[in-house]
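Have a look at the structure below before the remarks.
Number of protein chains: 2
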Amino acid sequence: MDVVVGGGVVGLSIAWRLARAGRPVTVVDPAPASGASHAAAGMLAPVSEVTYTEEPLLRLGVASLRRWPAFAADLTADAGLTPAAGPAAGPAAGPAGVSAAVRDGLDLRAQGTLDVAFGADDLAALGELAAFMEKLGLPVERLTGRECRRLEPMLAPSVRGGLLAPGDAWVDPRRVTAALLAALERRAVPLVRAGVSELLRDGGRVTGVRLAPPPEDHPAAPEGSEQGDEIRAERVILAAGAWSAGLADVPVRPVKGQIMRLRSPVPLLSRCVRGMVHGAPVYLVPRGDGELVVGATQEELGFDTRVTAGGLYELLRDARELVPGVTELEVAEVVAGLRPGTPDNLPIIGPGAAPGLVLATGHYRGGVLMAPLTAAILQGEEGDLASLCSPARFRDIS
Amino acid sequence: MDVVVGGGVVGLSIAWRLARAGRPVTVVDPAPASGASHAAAGMLAPVSEVTYTEEPLLRLGVASLRRWPAFAADLTADAGLTPAAGPAAGPAAGPAGVSAAVRDGLDLRAQGTLDVAFGADDLAALGELAAFMEKLGLPVERLTGRECRRLEPMLAPSVRGGLLAPGDAWVDPRRVTAALLAALERRAVPLVRAGVSELLRDGGRVTGVRLAPPPEDHPAAPEGSEQGDEIRAERVILAAGAWSAGLADVPVRPVKGQIMRLRSPVPLLSRCVRGMVHGAPVYLVPRGDGELVVGATQEELGFDTRVTAGGLYELLRDARELVPGVTELEVAEVVAGLRPGTPDNLPIIGPGAAPGLVLATGHYRGGVLMAPLTAAILQGEEGDLASLCSPARFRDIS
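If you read the protein sequences in the order shown, they are chains A and B.
For the first sequence, the working numbering begins at 1 and goes up steadily by one.
For the second sequence, the working numbering begins at 399 and goes up steadily by one.
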């Protein structure tokens, strides 16, 4: 049996793939789907997320994005969701095709990402990014400011130009984790709602996990869950995000992100919009239900998930510069999550130093995007890409 | 019997005074203590709240502030609260005397308000206000920027000068309404948790209220409350804030205010701080429990209590300019309330046009400050000041 430590989008995707392949698996998490996956905006945007120095990250992202439609279709079916048939979830006044792209109950949409520039420097950076993409054969379109506003009329008049990555998509991460939990339940995969205090070791081998004792105010464990001191396993798959470094020697650190959900009576945008404002990237992600997600800060503060005055201020200030109309929207939620950052911004996927330990962590800003690829790599697919993510690259250094 | 329509700080204070005087009274409110009183910051700041053109408002505020210590002491005793004896609630590093001023369970504090100026125009306006105050014999102290920062070291370096109103105070409005509700319960004053759909009239006379039917999802009425179609009364005292105009001919309109509560591990301020930033007034009110209240927007949007991106943005932007350190604080709550504005910014207190109707509304930004005075006026005290608030002033116009 395998034990997956971590019930975020990565851990749940891995467990689901394993269960589909007929392998016995158990997931352990004190609060599944509540960490970085809960805070994430859900951009599936390998092209616009990358800088032109990060070709390996781009290759991983593009490969995982290609897997998303089938991943979403399988998950929708496996979770017993009804695919959304009608246009109900699409923007009322959006361009043709938007509604049809609301593919299923995950609110997966694929209208692309529009990266915009305000100043000459930003514009030059977008030009360099475009040249890099074209060299790699990835589709991007350079747009003037007027063309940007034709696509997205609510953009600020000061937008000078932009870059459309027409293949980029986005999804609602909370629907994804809910679907994964439903699919796992339908396949009778045990979900142990407990923390892991340490990995069990026998000689050099990892042989399972020791569960943390529940806190005193913890509710009783749900029916069917396995509550004990230890869970023995052939493999322990560590997918605990920013918390992974507490359990194994893996160079992952928490990078705090604060994010805001606004409620829009009429959709302001029909696609994801990103831009550099005051030197920091800001993005706006429209949901099918009218929500507009604004993200995200990047803060190196350890395990701190407080929503702060300064964080909200930056998000609001920068979002207003991109799309002034956000000012009128209701604030539905503010939340912070901890991304698992790595020294080279690439995830850490594959065998750990000890036999019996597998790592699937360090996805930083890309956990939702990379979940399908990560699960595939752990099934032995994508050998070339897998080598980019190999944990061995850090062992070689130390 | 009297019926008080409205269970905010004004209506509850009136009912409490009546009950103490031995008069039978019933309070009607669908959700007591949840409106403007719930959102209010609780500044008892007649001096700094006023512009130098508003002498009548200033006189009312000063008179009500004088009543606050006795009002608070009586309320604390009547509600069965234990007055706070120790220094626990005071700022750890505040000036001497701060802790001692935490007078009781209402978190009433009296370290004054510091009004600060950034530009030459602001400074000139503060100078005019100071001259006006001195002419009226009210204590104010003009301070240099350095003197301001000596009092409040967290103030922005760009503060050029200020005005200290040493007699100003503040209180926690949520503790005040909770204490009023407790005191009313101890005196067995009925509290009917229902809306009022209309005033009952017999000929020209107001004879009671008709209760609104409860909404379908409304929980069962609590024990001891009176639920019926009508409540007959000798006098109906309309203290329904911004909702008063829906029940009687009174020129009150809702003025939306958004407010934010930050959580401060160490107190940033030892007194209320106000300033004009970007042409709008912003204030910061420190609570004994470490909260810092930042307020407030002023928006003419009808009965709209949505917390908006633009409202939060303005609060955060302006608070940062006054006290840059707020950036690091956790956001505990954001809330909006509706102040009852009037054409001349003065409250409307006294007999209505119809016999049997008494008005106690239109307190705009000053409901918490003015509650003791309002209750006193309705007991026949403060004749001179009462004439300033007389509802007749609007009848004479029309």
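Cβ atoms here follow ideal geometry from the backbone N, Cα and C, with glycine treated the same way.
Note that the coordinates shown come from a computational prediction; the quantities given were computed from them, not determined experimentally.
Per DSSP, the continuous alpha helix (DSSP H) segment holding Leu180(A) begins and ends at Pro173 to Arg186. One thing to note: Val426(B) has its Cβ no nearer than 8 Å to the Cβ of Ala413(B). Within the stretch 544-555 of chain B, not one residue has a Cβ closer than 8 Å to any Cβ of chain A. Buried is the label assigned to Asp505(B), since at least 16 other Cβ atoms lie within 10 Å of its Cβ. Using a CB distance cut-off of 8 Å, Val732(B) counts as an interface residue toward chain A. The beta-bridge partner set that DSSP reports for Val401(B) consists of Thr424(B) and Val634(B).
Looking at the DSSP output, Asp513(B) shares a beta bridge with Leu561(B) and Arg672(B).
Within the same chain, Cβ atoms closer than 8 Å to the Cβ of Leu609(B) are found at Val426, Val590, Ala592, Gly593, Val594, Ser595, Gln625, Gly626, Asp627, Glu628 and Ile629, the five residues on either side in sequence being excluded. Taking 8 Å as the upper bound for CB-CB distance, Pro555(B) and Gly440(B) are not in contact here, some 29 Å apart.
Taking all protein chains shown into account, Ser785(B) has fewer than 16 neighbouring C-beta atoms within 10 Å of its C-beta and is therefore exposed. Interface annotation for the stretch 327-360 of chain A against chain B: Thr327, Glu328, Leu329, Glu330, Val331 and Val334, criterion Cβ-Cβ distance under 8 Å. Per the DSSP secondary-structure output, Lys256(A) pairs in a beta bridge with Glu299(A) and Leu338(A).
Residues of chain B with a Cβ closer than 8 Å to the Cβ of Tyr313(A) are, in chain order, Tyr711, Leu714, Arg715, Arg718 and Thr725.
In the structure shown, Met768(B) adopts helical secondary structure according to DSSP, grouped into three states. Under the 8 Å Cβ criterion, the stretch 283-292 of chain A does not count as touching the stretch 338-353 of chain A, having fewer than three qualifying pairs. Following the DSSP letters along the chain, one finds Asp78(A) inside the alpha helix (DSSP H) bounded by residues Glu55 to Ala79. Look at the stretch 280-311 of chain A: the residues with a C-beta under 7 Å from a C-beta of chain B are Arg306, Val307, Thr308, Ala309 and Gly310. Of Pro267(A), Val10(A) and Ser13(A), the smallest CA-CA separation from Pro153(A) is found for Pro267(A).
For a cut-off of 8 Å, the C-beta gap from Thr297(A) to Glu314(A) is around 6 Å, short enough to register as a contact. Within chain A, no C-beta atom comes less than 8 Å from the C-beta of Leu667(B); the nearest is roughly 14 Å away. Any Cβ of chain A closer than 8 Å to the Cβ of Leu660(B) would place that residue at the interface, and such an atom is present.
A direct Cα-Cα distance of roughly 14 Å separates Pro24(A) from Ala183(A). Fewer than three Cβ pairs drawn from the stretch 652-662 of chain B and the stretch 775-784 of chain B lie within less than 8 Å of each other, which leaves the two stretches out of contact. Between Thr542(B) and Gly404(B), the alpha-carbon positions lie close to 44 Å from each other.
In this structure, Leu736(B) sits near Gly639(B), with a CB-CB distance shorter than 8 Å. As a beta-bridge residue in DSSP terms, Leu359(A) pairs with Leu238(A) and Gly350(A).
DSSP, reduced to helix, strand and coil, places Ser432(B) outside both helices and strands of the structure shown, so it counts as coil. Judged by beta-carbon spacing, Val445(B) lies beyond the 8 Å limit of Asp520(B), meaning their Cβ atoms are not closer than that value. Ser411(B) is positioned such that its CB atom lies no closer than 8 Å to that of Leu579(B). Between Gly137(A) and Val62(A), the alpha-carbon positions lie close to 12 Å from each other. Comparing C-alpha distances from Val407(B) to each of Arg763(B), Arg704(B), Arg599(B) and Arg584(B) shows the shortest one belongs to Arg763(B).
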